[in-house]
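Here the structure comes first, spelled out in structure tokens, and everything after it is commentary.
Residue numbers (full-length UniProt numbering): 1 to 303.
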């Protein structure tokens, strides 16, 4: 407790594109759970990972949980917490009794999904996944930073799926009983079972299961240039747009219409064998170490 407000008792720390949004949504429906607004990344504000994040004081952060009743367990989800080298210790200092939820996904599934998200958020301009991956690998090798609409320095694709060190940091800081690790494919195949196991981990009623279901779909950008223009228009264009349409709500509505017309829902194409081998080249050793660390069979990740 901080004053009369409960502090968060569990954290969904990632990884990105591993089903954390769906889990956050379904946990928020449980009467004994209170979820703060997603992706605040309070414990990463000093790392400059997300330039869109507003400065949040400790008091601001705690106030996210002000509406929670004393009977509810409070939680927070920020998907880049797992990636950070510092957040595990910060969360522990904030609440040493906190519980940590981690969801991991086969790199060959996660990376194309992350690439699609970066395209959608105008953080990536290369449409072809293989080309984007190769360019990013070279960028990381040369130690180059890339500032985008969202990131001060966008996380590298491969670095995002080198889970071994990321998970190890949390297991080194927290007692193993405070950390639960799930695999995305297992959650997807048996969401109800995974959901109830998390409820048990959080020590809330396992009798509840939401009737409402939410699943994220893959979004395909028809024109990357148009999408980028709508997401981050040049200052000159902004001024012209404001002059023509001075009423902000109308401008925002028009932009949303343009964005929606430029996006379609589409099943993601299977990776070619060449790209699978490329991902394996950079992740195989990490996957093998991770499998031992978390004592899970990850052999299908290497196929």
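Every residue gets a Cβ at the ideal spot worked out from N, C-alpha and C, and that includes glycine.
No experiment lies behind these values; they were computed from the predicted model shown.
If you count every other CB in all the chains shown that lies within 10 Å of the CB of residue i, and 16 or more means buried, which is it?
i: residue 179; result: buried
i: residue 14; result: buried
i: residue 127; result: exposed
i: residue 75; result: buried
i: residue 16; result: buried
i: residue 9; result: buried
i: residue 37; result: exposed
i: residue 297; result: exposed
i: residue 160; result: buried
i: residue 295; result: exposed
i: residue 55; result: exposed
i: residue 116; result: buried
i: residue 24; result: buried
i: residue 70; result: exposed
Which stretch, first to last residue, makes up the beta strand (DSSP E) that contains residue i?
i: residue 14; result: 10–14
i: residue 76; result: 73–77
i: residue 99; result: 99–104
i: residue 34; result: 33–35
i: residue 182; result: 179–183
What residue range does the alpha helix (DSSP H) around residue i cover?
i: residue 57; result: Where residue 57 is concerned, there is no enclosing alpha helix (DSSP H), given that its DSSP letter is neither H nor E.
i: residue 287; result: 273–294
i: residue 197; result: 191–201
i: residue 109; result: 107–120
i: residue 24; result: 20–28
Tell me which same chain residues have a C-beta within less than 8 angstroms of the C-beta of residue i, skipping the five on either side of it?
i: residue 184; result: 18, 19, 103, 104, 105, 106, 109 and 110
i: residue 166; result: 14, 15, 82 and 83
i: residue 271; result: 108, 112, 129 and 279
i: residue 41; result: 49, 50, 53, 78, 80 and 81
i: residue 134; result: 278
i: residue 139; result: 146 and 156
Can you name, in chain order, every residue of its own chain whose Cβ lies under 6 angstroms from the Cβ of residue i, other than the five neighbours on each side?
i: residue 169; result: 88
i: residue 28; result: 35
i: residue 39; result: 78
i: residue 163; result: 104 and 290
i: residue 66; result: 5
i: residue 206; result: 196, 199 and 200
i: residue 286; result: 162 and 164
i: residue 145; result: 153
Roughly how far, in whole angstroms, is the beta-carbon of residue i from the beta-carbon of residue j, given that I think they are within contact range, below 8 angstroms?
i: residue 86; j: residue 47; result: 7 angstroms
i: residue 11; j: residue 98; result: 6 angstroms
i: residue 32; j: residue 62; result: In fact, because the Cβ distance is near 20 angstroms, the residues do not count as touching under 8 angstroms.
i: residue 194; j: residue 182; result: 6 angstroms
Alpha carbon to alpha carbon, how far is residue j from residue i? Give it in angstroms, no decimals.
i: residue 95; j: residue 171; result: 15 angstroms
i: residue 364; j: residue 59; result: Given a span of 1 to 303 for the chain in the structure shown, any question on residue 364 remains unanswerable.
i: residue 273; j: residue 282; result: 15 angstroms
i: residue 173; j: residue 243; result: 54 angstroms
i: residue 177; j: residue 158; result: 29 angstroms
i: residue 30; j: residue 293; result: 31 angstroms
i: residue 210; j: residue 188; result: 15 angstroms
i: residue 208; j: residue 64; result: 24 angstroms
i: residue 304; j: residue 300; result: Residue 304 cannot be examined here, being either before or after the span of the chain that is shown, 1 to 303.
i: residue 190; j: residue 101; result: 17 angstroms
Keeping to the same chain, check which residues put their C-beta closer than 7 angstroms to that of residue i; ignore five residues upstream and five downstream.
i: residue 91; result: 11, 43 and 98
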